[in-house]
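Positions in the first sequence are counted from 1; adding 1481 to them yields this note's numbering. From the three backbone atoms N, C-alpha and C, an ideal C-beta is built for every residue, glycine too.
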Amino acid sequence: MADKKLLLIDGNSVAFRAFYALYRQLDKFTSPDGLHTNAIYTFKNMFDSMLKQLQPSNILVAFDAGKVTFRTEMFQDYKGGRQKTPNELLEQLPFIKEMLEHLGVKSYELENYEADDIIGTLSKMGDEAGYEVAVVSGDRDLTQLASKHVTVYITKNGVGEMEAYTPEHMKEVNGVTPTEYIDMKALMGDSSDNYPGVTKVGPKTASNLIQQYGSIENLYEHVEEMKKSKLKENLINDKDKAFLAKKLATIDRDSPIAVGLEDTKINSVDIAGLREFYERLGFKKFLAEMSVATDGNVSSEDMQKYDYVELTSDNIAQLKLDDSEAAFYLEMLGDNYHLAQFVAFALKTSDGIYVSKDVALLEESPLKEFLQNPDIKKNVFDLKRTYIGLNRLGVQAEGINYDMLLASYLINNENNSNDLGEVAHLYDNYAVKTDVEVYGKGKKQAVPDDETLFSHLAAKVVAIDKLKPALLEELKDHEQDSLYDEIEVPLAFVLAKMEITGMKVLPTTLIQLENEFGMQLSKLEEEIYLEAGERFNLNSPKQLGHILFEKLNLPPLKKTKTGYSTSVEVLDQLRSQSKIVDKILNYRQISKIQSTYVKGLLDVVQADGRVHTRYLQTLTATGRLSSVDPNLQNIPTRSEEGKQIRKAFVPSQEDGYIFSCDYSQVELRVLAHVSGDENMQEAFNTGYDIHAHTAMKIFHLNSTDEVTPDMRRTAKAVNFGIVYGISDYGLSKNIGITRKQAKEFIDSYFEQYPGIRSFMDQAIKSAREKGYAETIMHRRRYLPDIHAKNFNVRSFAERTAINSPIQGSAADIIKIAMINMQKKLTELNLKTKMVLQVHDELIFDVPKDELEIIKKIVPEVMQNAIKLDVPLIADAGWGHSWYDAK
DNA sequence: TTGGTCACG
DNA sequence: ACGTACGTGACCAAT
C-alpha cells in the first residue's frame, strides 16, 4: 500500500456503469426479497478491482445529492432531456451506500453540488497535503482534474478495466492539457449534459482552437484577427454560449464540503454487518470470499482450505487406491489437448487429496492400473480431454463414468463454459477459482507457484465430487438421464477415438494446389489493379469499397455498420456493370480457399501426417458438434475449385478407401415425425422425392411429373425455410421473388401440410410455457427471449423454438448412430476407423478388404439409429480420397 | 477484440 | 407495423 494514496470514486457514475454492465442479467440478479441487485453486485466487483489495482490508503465515494444544483440555477436545462435514471437502478443506490458503510468506506453527498465538485475539492485538498490521488469515474468530464499527482481513471467496458488519464495521456487523446480541456468543452458544449457550445464546433475544431489560443478568453481577444469564415461568424455569434458552457463544464474545486481528508480514512470492515448484508441480498459469492478472508468463523464449508499430499516417486508406494470411486483431474495448459503441455494432476480418494506435477507417475503402477481399471469409477470434468491426455501418456483410461462438464452442458447450455470454476459457480460453489484467475490468459498465461497450483487442483477434484449428486439429480428431473448416460457419455469416448485417429492429409497435394492457386491469384490481382487504376489491399473490404463505390462509382446497394458492403450478394448484382466485379468475386473465392484451406490446413498437419481436429461437444445451442483446429466440418464441396481440397484427404493405407455416408433430408424427416403431418409422412413413407412432392403440392399439380426443375428448386427453398422458422421476407430474399409470392407459397404450403403449421404453433406455445425447447431425446434449449417485449428479439426466439427441436433431434440421431457404429466396428473386430462427422454425414477410413462389409453395415446402422414414423435413409459413396467418395 | 466475409450442414 | 431465415469456425483488416 502506498503511504498516502487517496481514492475518490464517482459513485453515481460507477453505479450507472455497473448497472448497465449486467443489464441483460437484470432479472437474474435479484435478492430473496425481489430487489434488483445487478448494480450492487457489479459495483462491489468494480470496487474490489479498484482496490487491487490502486491500493489506496484512503477512500471516499461521492454521490450526487439531487437534481437541483448550482448549475441548474445558471442554466435551467442543465442535464435536461436526459433519460430518467431507471428505477431499477435508483432503488439500488441506498444499498450501495450501505455496503460501503459496512466496508468501512465513507460516502458523501452535498446539497446543490454534484459528485464531480466533491471529488474536485477533495482531490485538490489531497494533492496539497501530499497524497497521490486516484479519481475513478465513467465520465470523461473528470479528466480536467488530472495533474502531476492526480490521475483520473475512466472505467471501460470490462468490469475491471480503466483508462488512466495523466496530463500526458490527455495530451495524446485530446491534444490539450487538463485545464485546457475545460475550454475545449466550452466550445464543444456537451450534448449529454444538454448545454450547447459554439455552432458546428466539434472535438477536432475545439482542440485545434484551444491548442492555438490556450483559452477561450484569449481566443475571443483575438477573434477579430481571424480571417473571414463561417467558423469565425459562429464563434462571434455564440460567444455567450461558450462562456456559459465554460462555467458549466468547470468543476468547483472549492465547494463547501463538510468532510475533510481525515474522513477518507478506511475504517475496519464491519464483518457481522457485511455478512448480514450479503445474506439479505443473496450474494453467495461474496459470502464465500469472506469466509476465507476472515479465517475463523467459517460459515461456509465450501471455503475450507483443502489438505493435500504431494505425490512423488518416493511416497507413491504408500498410495492406497482400493476405492470403488474417485475423482481425477489432469491439468494441461491451453485448449488443444492433443498438444498441450502437461501441468499436473489431482486425485481424490476416500483417504484424501493427492496432487503432483510429475505426470510420469500416471504412466506407472499403481496409478496406471487405477486409471485403467473399469471397476473403479472415475469422476472427471471433461471426459474427452482427460481421456486423450491420458492416452498421450500411454494410459487407456477405463471406468470414467461421470463428466461434470457434459452434465452441466445438458442441464443448461445457456451460460455455457468449459471452465470448471465457472461451472461450479453456477451451482453456488465458489470454492474453486476459474482457470483465468489462476493461470491468466493470452500471453500472460503461466503456471503459478506450487502452493497456488495444488490448491487450485485440490479445489477442482473436491468440486467435481461435491456437485455430482446435485447435477445427477437435475439430469433426472429433466428426464435427461438417458441422454446423458446413453448418448453424451458414450459419444465422448467415440469422439476421443476419432480425434486420436485423425485423418491423413497429403501435404504434397496441398502444395500443388497452393502453387496453382497462387498463380491464379497473382494474375487476377494484376488484372484488378489495372481496371482499378491503382494497387490496393484486395482483402480489405474498406479499401475495396472505396475503389468500387467511390472511384468507379458503382451503386452501393447495401451498407454495413462500418461502410459499404462488398459481399457476394452485392457484387453479384453488380456483375453486369463492370468487368472488375467478376474478377473480384473470382479472387475472393480462390483467396478464401488458399488462405483458409490450403495454407490453413498445411499449418495444422501434425508430425504423423494427420490432422487431429477437436470436436466441441459442449458448445452449440442445439446439440450439434462443432469442429476446431482445424474445422473439418466446413471443407469446401460446393465449388469445383474448393472441392479440390478434398483430394488431399486420403485413407491411411494407399489402396484403402474413404467411405462417406450421409442421411438424406434428416431434418425434414424429423419434422415429418415430430409434427405428425400426414401428407408429409406419406410422402416419405412412399419414397417420393420430397422437394418434387412439395412442388406438386404448392403449385397445385396432379403429379410430380409436371414439376419443372424451377418449381422443384422453389419447393426446396420453401422446405428449408420451414425448418428455419420461415418468414415471407426471408424466403423472398433467398429465392429472389416478391414478398407477396413468397407469402402465397407459404400459405399454400401450410394448406397442404396442415400438421406443420400446428407443430410450429405448438413449438412456440410450449417454449413460452416451459421456457425451453426440447428434442426427441429431451435435449433442452432455454429461450428466455420468448417473452421479450422487443418484436425482433421475440421473433428470433420463436424461430429458434421451431428450429432447435428439429436441428437438435437430427443431432441426437446421428450421435446414436455414431455410438452404435463404433460398437459394431469393435464387435466385428474391423480395422476400419470412423474419422469424421459432418452433422448428417459420417466418414470412414476403410482398408481395402473391409469395403464390402462397410458398404453393408454403415447405411444399416445409420438408418436404424432410431425408429421414427418415417424411414431414415442414408446414401453412401467411396473412393481413394475424400474427393472421390461421392 | 470486433466486424466483414465466406466455407460447411 | 415491426425487419428477418437455423447452426457453426477461420481468416483478414482495423481498432
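Next item on the list: Measuring alpha carbon to alpha carbon, tell me which of L1535, Q1573, M1669 ends up nearest M1643.
Entry: Measuring from the Cα of M1643, the nearest candidate turns out to be L1535.
Checklist line | Alpha carbon of A1841 to alpha carbon of D2084, nearest angstrom | finding: 30 Å
Checklist line | Environment of G1683 [buried if 16+ CB atoms lie within 10 Å] | finding: exposed
Notebook entry, point to check: Any contact of the region 2006-2013 with the region 2115-2135, i.e. 3+ C-beta pairs under 8 Å?
Noted result: no
Next item on the list: Go ahead and label H1937 buried or exposed: buried means 16 or more other beta carbons lie within 10 angstroms of its beta carbon, across all protein chains shown.
Entry: buried
Checklist line | Beta-carbon spacing of M2192, F2201 below 7 Å | finding: With respect to F2201, M2192 sits apart: the two C-beta atoms are not nearer than 7 Å.
Note to self: I need the boundaries of the alpha helix (DSSP H) containing N2284, first residue and last residue.
What the structure shows: Counted as a single uninterrupted DSSP element, the alpha helix (DSSP H) harbouring N2284 occupies residues 2272-2308.
Notebook entry, point to check: Helix, strand or coil: how does DSSP classify Y1635 here?
Noted result: Correcting the residue type first, residue 1635 is Ile in the shown sequence and not Tyr. Strand, per DSSP.
Check: Would you say L2152 and I2171 are within 7 Å of each other, going by their C-beta atoms?
Finding: no
Notebook entry, point to check: Unbroken beta strand (DSSP E) runs of length 3 or more, entirely within the region 2187-2273: which are they?
Noted result: 2253-2255, 2261-2263
Check: What residues in its chain sit with their C-beta under 6 Å from that of Y1911, if we drop five residues either side in the sequence?
Finding: Around Y1911: K1766, A1769.
Next item on the list: Tell me where the alpha helix (DSSP H) around G1492 begins and ends.
Entry: Start and end: 1492-1502.
Notebook entry, point to check: Per DSSP, what kind of secondary structure is Q2318 in: helix, strand or coil?
Noted result: The answer is strand: DSSP assigns Q2318 an E or B state.
Next item on the list: Return the bridge partner residues of M1813 from the DSSP annotation.
Entry: F1823
Check: Going straight from the alpha carbon of L1887 to that of S1805, what length do you get?
Finding: 22 Å
Item checked: Candidates Y1589, D1622, V1631, G1754: closest to D1608 by CA position -> V1631
Note to self: Could you check whether the region 1794-1810 touches the region 1842-1859, counting it as contact only if at least three pairs of C-beta atoms, one from each stretch, sit closer than 8 Å?
What the structure shows: Short answer: they touch.
Checklist line | Under 7 Å between C-beta atoms of A1596 and N1675 | finding: no
Note to self: For M2000, count the other beta carbons within 10 Å of its own beta carbon; 16 or more makes it buried, fewer makes it exposed. Which is it?
What the structure shows: exposed
Margin query: Quick check on L1489: buried or exposed, where buried means 16 or more other Cβ atoms within 10 Å of its Cβ?
Written below: Residue burial is scored here from C-beta neighbours: L1489 has at least 16 other C-beta atoms within 10 angstroms and is therefore classed as buried.
Margin query: Comparing C-alpha positions only, which one of L1864, I1869, E2159, L1871 sits nearest to D1884?
Written below: L1864
Check: Can A2173 be considered in contact with the ligand FAD, in the sense that its beta carbon sits closer than 6 Å to one or more heavy atoms?
Finding: Annotation note on the ligand FAD: not contained in the displayed structure, which lists no ligands.
Next item on the list: Could you tell me if P1988 is buried or exposed, where buried requires 16 or more neighbouring beta carbons within 10 angstroms of its beta carbon?
Entry: exposed
Next item on the list: Would you check if the region 2237-2244 and the region 2282-2290 touch, i.e. whether three or more CB-CB distances between them fall below 8 Å?
Entry: yes
Notebook entry, point to check: Beta-carbon separation of I1663 and T1566 under 7 Å?
Noted result: Not a contact, by the Cβ cut-off of 7 Å.
Check: Rounded to a whole number of angstroms, what is the C-alpha to C-alpha distance between K1924 and V2339?
Finding: Linking K1924 to V2339 through their CA atoms gives a straight-line distance of about 45 Å.
Margin query: For D1962, tell me which candidate among S1889, T1550, F1576 has the shortest Cα-Cα distance.
Written below: S1889
Notebook entry, point to check: Can you tell which of S1512, F1724, I1521 has the C-alpha that lies nearest to the C-alpha of F1556?
Noted result: F1724
Note to self: Once the 5 residues before and after D1776 are set aside, which same chain residues still bring their CB inside 6 Å of it?
What the structure shows: With a pLDDT of 40 at D1776, under the threshold of 50, the modelled position of this residue cannot be trusted; read the value that follows with caution. Within the same chain, D1776 has no close Cβ partners at all.
Checklist line | Neighbourhood of T1660 by C-beta distance below 8 Å, restricted to the same chain and skipping five residues each side | finding: So the qualifying residues of the chain are Q1625.
Check: What is the DSSP secondary structure of M1651, counted as helix, strand or coil?
Finding: helix
Margin query: Which residue marks the beginning of the beta strand (DSSP E) containing K2178, and which one marks its end?
Written below: Careful: K2178 lies outside any beta strand (DSSP E), inside the alpha helix (DSSP H) at 2171-2179.
Notebook entry, point to check: Can you tell me the Cα-Cα spacing of K1509 and P2265, whole angstroms?
Noted result: 11 Å
Next item on the list: Please go through the same chain and pick out, in chain order, the residues whose beta-carbon is closer than 6 Å to the beta-carbon of K1808, but skip the five residues on each side of it.
Entry: Sequence inspection shows Ala at residue 1808; the Lys mentioned does not correspond to that position. Cβ-Cβ distances below 6 Å link A1808 to K1829, N1860, V1942, I1945, D1946 in the same chain, with the five nearest sequence neighbours on each side left out; the list follows chain order.
Item checked: Rounded C-alpha distance that separates N2301 from M2315 -> 11 Å
Notebook entry, point to check: Where does the unbroken beta strand (DSSP E) through Y2096 begin, and where does it stop?
Noted result: Annotation: the continuous beta strand (DSSP E) that includes Y2096 extends over 2095-2097.
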